[in-house]
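Read in order, the letters of the sequence shown correspond to residues 382 to 654 in my numbering. To start, the structure under review is shown below, and the notes come after it.
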Amino acid sequence: MELYPAIDLRDGGAVRLTQGDFDRQVGYGDPLALAARIIEDGASWIHVVDLNAARTGVPHERATLGRIVELGRDLNREPGRAGAGAGLKVQAGGGIRTEDDVAAVLDLGVARVVLGTAALEDPALATRCARRWPGRVAVGLDYVVRPDGVAEARGHGWQEGSGRTVHELLDIWAGEPIGAVVATAISRDGMLEGSDVAGMRTLLAATALPVIASGGVGSLQDLRALAALSGAERAGAGGACASRRLEGVIVGKALLEGRFGLKEAMAACAASV
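Shown next, in the form of structure tokens:
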């Protein structure tokens, strides 16, 4: 299970929201300095979100995103840095609404683009982009559990319901070359009270697409619980069965507030290997 340290961008700074509430924001300083520390500690991925763009659809932080990509490249090229930041990849989302937006962000050197609101409003767009750039387009399913127990995806920076259930969307994209499903439990995001393990188990049972969990990680034990999580057994080629695990987990606030270190987190995620 891969670790995706998160950098959320707003008004030029690195911030974290609680449950997606823009009025409950904590600042964490210079995003480039934060990215440098993450790269120094040997992360394989960084997950970057343009928060204002997620809400408005207008890119605000694309220049900073580009600098984070360049920073990873520059540090990798420094003499004597074998292993530090080696193979660093950036996954980015927030405000990416069109095929041209996807192309522009990939042109910055981003390894994978996350389509959120646009994928909910036009699932065919996600399909077209995934086919054009196989494995390099993810869909963001940020969800709340309704009173009837069904998980509904939300868009526009988590401010609006989509009217679509998570399972309905997964059915639409079944078999498509989508790089990942980034599933965020909105009620847990920023709370540091544990991940939605039951929800992730349900998702793994419902789709063959790679799943990345997000929201609620507050301890190393939370990471170990996700690392050990397997989906339902599925019949594969020739009738063989395989048990799927989470592809990755996004961690933001817990790392920023020093609940544990990045190297400790990577070790906990490695328990899934």
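We treat Cβ as the ideally placed atom computed from N, Cα and C, and that holds for glycine. Computed from a prediction, not measured in an experiment: that's the story for all the values here.
Query	Result
Candidates 456, 488, 545 and 430: which alpha carbon is nearest residue 495's?	430
Report the three-state DSSP secondary structure of residue 404 (helix, strand or coil).	strand
When the distance is taken between beta carbons, is residue 497 closer than 8 Å to residue 536?	yes
Please report how far the alpha carbon of residue 603 lies from the alpha carbon of residue 649, in whole angstroms.	9 Å
Taking CB distances under 8 Å as the criterion, tell me whether residue 523 reaches chain C.	Reference to chain C is not applicable here, since this structure consists of a single protein chain.
Rounded to a whole number of angstroms, what is the C-alpha to C-alpha distance between residue 550 and residue 633?	26 Å
From which residue to which residue does the beta strand (DSSP E) around residue 630 run?	629–632
What three-state label does DSSP hand residue 568 in the structure shown?	helix
So what does residue 472 bridge to, in DSSP terms?	428 and 493
Can you give the beta carbon distance from residue 606 to residue 578, rounded, assuming they're within the 8 Å contact cut?	6 Å
Give the DSSP-derived three-state secondary structure of residue 478 in the structure shown.	coil
Kindly list the residues whose CB is nearer than 6 Å to the CB of residue 329, restricted to its own chain and excluding five residues on each side of it in sequence; keep chain order.	In this structure the chain extends from 382 to 654, so residue 329 is not present and cannot be described.
Taking its Cβ as the centre, do 16 or more other Cβ atoms sit within 10 Å of residue 405, making it buried, or is it exposed?	exposed
Would you give the residue range spanned by the beta strand (DSSP E) that residue 533 belongs to?	532–536
Count the other CB atoms within 10 Å of the CB of residue 471; is the residue buried (16 or more) or exposed (fewer)?	buried
Just mark residue 638 as buried or exposed, buried being the case when its beta carbon has 16 or more other beta carbons within 10 Å.	exposed
Taking the beta strand (DSSP E) that residue 546 belongs to, which residues open and close that run?	541–546
So is residue 386 buried or exposed if we call it buried at 16+ other beta carbons inside 10 Å?	buried
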